[in-house]
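Visitor: This is the structure I want to talk about, given as structure tokens.
Residue numbers (the working numbering): 33 to 352.
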């Protein structure tokens with residue numbers, strides 16, 4: 033009996049040991065499972081956190097420099113139009129108004145300015161045309177950088193100094209490559225101010241370096257976006273888009289005729305001779321048809337102005 037009892041005890045002890053070992057294994061499995069659950073959950077949280085960061089970055093691509101909306105909106109001196117978002121050149125009494133939406137980094141805008149600058153200035157000098165410039169920051173949003181914003185702010189600072197037109201022309205004449213954010217450096221903008229007599233002053237430098245009109249530029253860009261314009265440059269004559277018509281592309285000569293035709297229509301007609309009437313009130317209609325071929329400037333204006341304006345807008349970042 034003693035041997036049987038001893039054997040039974042040993043068997044019981046072995047079973048008890050195996051059961052304890054099995055129970056310990058089960059507990060270990062449970063602990064491992066919980067640990068794996070925690071690790072997976074932590075990894076998911078990490079991935080979600082990274083995705084959130086990437087989402088924030090992606091959401092901000094194309095919006096340009098956030099400083100465009102920082103600080104109060106300070107319109108430059110003499111700004112006109114709705115919400116004072118336009119800078120006007122030319123005489124107030126001019127019968128025709130050219131509205132131009134531009135970005136100082138936009139190649140198509142440079143093409144427009146290079147081809148139409150002389151014609152626009154001539155019409156302004158004759159008192160026939162005034163121009164309302166609206167500055168936007170499309171290229172900053174599409175290509176990255178801050179050159180559109182800082183260039184526009186510097187131009188607004190030049191408006192404060194009564195030098196907008198000259199500095200506006202200098203910025204387009206010295207425009208860097210679209211991918212080169214040279215205008216994002218205040219030093220370059222200040223250097224170019226030296227090309228305009230009397231512009232490089234302590235007040236102008238402070239305005240440029242402080243980004244005094246950044247928020248105003250941001251508001252101008254918002255107005256461009258809300259207006260659902262196709263791209264830059266957008267050019268309106270007395271409210272009508274005259275630059276995007278590919279079937280009848282604009283040229284400097286056609287612009288001149290349209291503006292002079294408008295002036296002719298508002299002039300007294302009692303003393304006008306038939307020939308004067310033909311070249312005055314009817315000049316816009318007949319001249320437009322007759323002058324489809326012009327000199328080198330007009331041909332270039334048609335090709336790189338109207339033609340590439342809307343295409344560059346959609347294809348290279350200068351468009352909406």
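The beta-carbon is built from N, C-alpha and C at its ideal position, and this holds for glycine as well.
Please read all numbers here as calculations on a predicted model, not as lab measurements.
Count the other CB atoms, across all protein chains shown, that sit within 10 Å of the CB of residue 124; report buried if there are 16 or more and exposed otherwise.
Guide: The residue given as residue 124 occupies position 92 in the chain shown. Residue 124 is exposed by the Cβ-count criterion.
Visitor: Is residue 119 helix, strand or coil by DSSP?
Guide: Along the chain shown, one-based indexing puts residue 119 at 87. Residue state, collapsed to three classes: strand.
Visitor: Restricting to runs no shorter than 3 residues, where is the beta strand (DSSP E) found entirely within the region 105-150?
Guide: Complete beta strand (DSSP E) runs here, min 3: 119-122, 128-134.
Visitor: Once DSSP output is grouped into helix, strand and coil, what is the label at residue 179?
Guide: Numbered from its first residue, the chain shown carries residue 179 at position 147. In the structure shown, residue 179 sits in a helix (DSSP, three-state: H, G or I).
Visitor: Could you compute how far the alpha carbon of residue 206 sits from the alpha carbon of residue 135?
Guide: Here residue 206 refers to the residue found at position 174 when the chain shown is read from its first residue. Here residue 135 refers to the residue found at position 103 when the chain shown is read from its first residue. Whole-angstrom Cα-Cα distance: 13 Å.
Visitor: Who are residue 164's beta bridge partners in DSSP?
Guide: Locating residue 164 in the chain shown gives position 132, where the first residue counts as 1. DSSP output for residue 164 lists 120, 131 as bridge partner(s).
Visitor: Which one of 155, 157, 216, 132 has the shortest CA to CA distance from residue 173?
Guide: Your numbering for residue 173 matches position 141 in the chain shown. Selected option, being the one with the closest Cα: 216.
Visitor: Output the boundary residues of the beta strand (DSSP E) element that contains residue 268.
Guide: Within the chain shown, the letter at position 236 stands for residue 268. Note, residue 268: beta strand (DSSP E), 266-269.
Visitor: Does the distance from the CB of residue 245 to the CB of residue 106 come in under 8 Å?
Guide: Position 213 of the chain shown, counted from the start, is the residue given in the question as residue 245. Position 74 of the chain shown, counted from the start, is the residue given in the question as residue 106. Contact: yes.
Visitor: Are residue 113 and residue 161 touching if we call contact CB-CB under 8 Å?
Guide: Taking the chain shown and counting its residues from 1, one reaches residue 113 at position 81. Taking the chain shown and counting its residues from 1, one reaches residue 161 at position 129. No, Cβ-Cβ distance for residue 113 and residue 161 is not below 8 Å.
Visitor: Per the DSSP calculation, residue 273 is bridged to which residue(s)?
Guide: In the chain shown, residue 273 corresponds to position 241, counting from 1. Bridge partners of residue 273: 268.
Visitor: What is the DSSP secondary structure of residue 250, reduced to helix, strand or coil?
Guide: Taking the first residue of the chain shown as 1, we reach residue 250 at position 218. It is helical.
Visitor: Got a sec? Which residues, its chain only, sit under 7 Å from residue 239 by beta carbon, not counting five neighbours each side?
Guide: Counted from its first residue, the chain shown places residue 239 at position 207. Only 189, 192 meet the Cβ criterion.
Visitor: Thinking residue 129 and residue 270 are a contact (beta carbons under 8 Å), I'd like their distance in whole angstroms, please.
Guide: To locate residue 129, count along the chain shown from 1; it is residue 97. To locate residue 270, count along the chain shown from 1; it is residue 238. That belief holds up - the Cβ atoms of residue 129 and residue 270 are roughly 6 Å apart, short of 8 Å.
Visitor: Please report the residue range of the alpha helix (DSSP H) in which residue 242 lies.
Guide: As a first step, residue 242 is located in the chain shown; it is residue number 210 there, counting from the start. Residues 234-242.
Visitor: Going by CA-CA distance only, name the one from 168, 175, 177 that's closest to residue 187.
Guide: As a working note, residue 187 is residue 155 in the chain shown. Nearest option by C-alpha distance: 168.
Visitor: Give me the Cα-Cα distance between residue 222 and residue 139, rounded to the nearest whole angstrom.
Guide: In the chain shown, the residue the question calls residue 222 occupies position 190. In the chain shown, the residue the question calls residue 139 occupies position 107. Distance between the alpha carbons of residue 222 and residue 139 is about 21 Å.
Visitor: Among the residues of its own chain, which have a CB less than 6 Å from the CB of residue 266, if the five just before and after it don't count?
Guide: Residue 266 sits at position 234 when you count from the first residue of the chain shown. Taken in chain order, the residues that qualify are 133.
Visitor: Would the beta-carbon of residue 232 fall within 8 Å of that of residue 179?
Guide: Working through the chain shown from its first residue, we reach residue 232 at position 200. Working through the chain shown from its first residue, we reach residue 179 at position 147. Not in contact: residue 232 and residue 179 (Cβ atoms no closer than 8 Å).
Visitor: From residue 82 to residue 175, what distance separates their C-alpha atoms?
Guide: Here residue 82 refers to the residue found at position 50 of the chain shown. Here residue 175 refers to the residue found at position 143 of the chain shown. Its pLDDT being 36, under 50, residue 82 is placed unreliably by the model, and nothing is read from it.
Visitor: Could you give the DSSP three-state label for residue 80: helix, strand or coil?
Guide: For the purposes of this step, residue 80 is taken as the residue at position 48 of the chain shown. Below a pLDDT of 50, predicted positions are generally treated as unreliable, and residue 80, at 36, falls in that range; no measurement from the model is reported.
Visitor: Relative to the C-alpha of residue 145, which residue among 280, 248, 163, 117 is closest?
Guide: Residue numbering aside, residue 145 sits at position 113 when the chain shown is read from its first letter. Nearest option by C-alpha distance: 163.
Visitor: Have a look at residue 259 and residue 185 and give me their C-alpha separation to the nearest angstrom.
Guide: Your numbering for residue 259 matches position 227 in the chain shown. Your numbering for residue 185 matches position 153 in the chain shown. Rounded to whole angstroms, residue 259 to residue 185 spans 21 Å at the Cα level.
Visitor: Determine the direct distance from the alpha carbon of residue 183 to that of residue 194, and round the result to whole angstroms.
Guide: If you number the chain shown from 1, residue 194 lands on position 162. If you number the chain shown from 1, residue 183 lands on position 151. Their Cα atoms are separated by approximately 16 Å.
Visitor: Drop a sphere of 10 angstroms on the beta-carbon of residue 281, count the other beta-carbons inside from all chains shown, and report buried for 16 or more, exposed for fewer.
Guide: Along the chain shown, one-based indexing puts residue 281 at 249. With 16 or more other Cβ atoms within 10 Å, it is buried.
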